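Okay, so here's the structure we're looking at.
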Amino acid sequence: MIGPVFCLMLQTRLAEHSVANIFDPRATPAATEKNLALFTFSITGGIFIVVAALLIFAIVRYRSRIPNDLEEPAQVYGSGKIELAWTVIPILIVFVLTGVTGRVIASIEDSPQPSSATHITLVGRQWWWEVHYPDFGIVTANEIHVPVSRSAQDHPTFFTLQSADVIHSFWVPQLSGKTDLIPNRDNHIWIDPREPGIYLGNCAEYCGTQHANMMLRVIVHPAGEFEKWAVAERTSFVPAAQSNPGRAVFESLACVNCHTVRGSVAAGRFGPDLTHLMRRQTIGAGVVPLTPKNLRDWVADPQEVKPGCLMPSMNLSNTELTQVVSYLEALK
Ligand code: CUA
1257 MIGPVFCLML QTRLAEHSVA NIFDPRATPA ATEKNLALFT FSITGGIFIV VAALLIFAIV
1317 RYRSRIPNDL EEPAQVYGSG KIELAWTVIP ILIVFVLTGV TGRVIASIED SPQPSSATHI
1377 TLVGRQWWWE VHYPDFGIVT ANEIHVPVSR SAQDHPTFFT LQSADVIHSF WVPQLSGKTD
1437 LIPNRDNHIW IDPREPGIYL GNCAEYCGTQ HANMMLRVIV HPAGEFEKWA VAERTSFVPA
1497 AQSNPGRAVF ESLACVNCHT VRGSVAAGRF GPDLTHLMRR QTIGAGVVPL TPKNLRDWVA
1557 DPQEVKPGCL MPSMNLSNTE LTQVVSYLEA LK
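Here's what the structure looks like:
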């Protein structure tokens, strides 16, 4: 009983310094789940107070006051009333919690999908997120762009969650509860973020060494801006000139087996699509901010930045490194 209460206090404290706060929801699923959490805490908190008060009362009131008292106190055996009370009351509480939880889950899962909905297929990978927009024919990584939605029926975003390897879990606390990404299975969630902004999330299911560095951001665009972003993402990429020395180095290496750069021979699907690399805010699913220095360190040796990640060091010479990084920096 102390566990949940302590967690609540800790989360509330952490919340002052973090935007990833379940008690500050900005979308319908998260708000509904917050109310459920508060309802559950109020019941379990009430039980904690009653049990603690009875315990303290018993300790104080019935302690032995005679020195060297070895006699057992009077014992109560087979009290039908007491046994009935401690059986029936917990069963009723469990029924209430189960019923309310079931109703919340059903209300979120059964929410109808309006024709204005945006569709995203999110694929979990060790250790990053692949984001497909089937309606727009674009693929990005680690940063999920969605439109703002005034209500669940306005411009919500519906996700299909998949995994390419092991079980991951999508969790952006201000937008929705956790939902697992499971190999060979499609899971579904939706969000309707009410305010533009950046919402932080993380993989919430242990998936290997870099699980803690499998972070994601949901970037909520103001009304009308999301479509502009999607069209720009689809059409406005600038492939570097064929003669760009960095491009030549990049395309001569195994980079092209894992990464896609639209308009070039790089068409790998194993790693993040790099077509608009420089539009992202971080490298390696949030492990470091995307700055020229961090990009150079990352290409030089990803294992230094994110040990265990599936991208190897390509052992580039200093000149090659400079050329490849300048090519990557042109991917806007
Ligand atoms: Cu993916 Cu933990």
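Residue numbers (the numbering used here): 1257 to 1588.
C-beta atoms are modelled at their ideal positions from N, C-alpha and C, and glycine is treated no differently.
Computed from a predicted model, the values in this text were never measured in an experiment.
- At a threshold of 7 angstroms, residue 1467 counts as near the ligand CUA, since its beta carbon sits closer than that to one of the ligand's heavy atoms.
- Listed in chain order, the non-local C-beta contacts of residue 1526 below 6 angstroms within the same chain comprise 1514, local neighbours out to five positions each way being set aside.
- Relative to the non-hydrogen atoms of the ligand CUA, the Cβ of residue 1386 never comes closer than 7 angstroms to any of them.
- Considering only 1433, 1393, 1391 and 1314, the residue with the shortest C-alpha distance to residue 1279 is 1433.
- For the pair residue 1445 and residue 1435, the Cα-to-Cα distance works out to about 7 angstroms.
- For residue 1342, the enclosing alpha helix (DSSP H) covers residues 1336–1365.
- Only residues of its own chain outside the window of five on either side were considered, and among them 1512, 1513, 1514, 1515 and 1516 have a CB closer than 7 angstroms to the CB of residue 1524, listed in chain order.
- For the options 1542, 1502 and 1356, the alpha carbon positioned closest to that of residue 1584 is the one of 1502.
- Collapsing the DSSP output to three states places residue 1386 in a strand.
- For residue 1539, the three-state secondary structure derived from DSSP is strand.
- Counting of Cβ neighbours within 10 angstroms places residue 1534 among the exposed residues, the total staying below 16.
- DSSP places residue 1299 in the uninterrupted alpha helix (DSSP H) bounded by 1284–1317.
- Where residue 1490 is concerned, the enclosing alpha helix (DSSP H) starts and stops at 1481–1491.
- The closest CA to that of residue 1395, considering only 1296, 1488 and 1314, is found on 1488.
- Beta-carbon to beta-carbon, residue 1414 and residue 1369 are separated by about 6 angstroms, close enough to satisfy the 8 angstroms threshold.
- Secondary structure of residue 1456 (DSSP, three-state): strand.
- Comparing alpha-carbon positions, the option among 1568, 1588 and 1358 lying closest to residue 1493 turns out to be 1588.
- Distances from the CA of residue 1545 to each of 1471, 1580 and 1563 were compared; the closest alpha carbon is that of 1471.
- Residue burial annotation: residue 1457 is buried, with at least 16 other C-beta atoms found within 10 angstroms of its C-beta.
- The beta carbons of residue 1379 and residue 1420 sit about 5 angstroms from each other, so the pair counts as a contact at 8 angstroms.
- Judged by beta-carbon spacing, residue 1509 lies beyond the 8 angstroms limit of residue 1382, meaning their Cβ atoms are not closer than that value.
- A check of alpha carbon separations from residue 1389 across 1397, 1398, 1375 and 1399 identifies 1375 as the nearest.
- Here the C-alpha atom of residue 1314 lies approximately 11 angstroms from the C-alpha atom of residue 1307.
- The shortest CA-to-CA distance from residue 1425 to any of 1442, 1345 and 1410 is the one to 1442.
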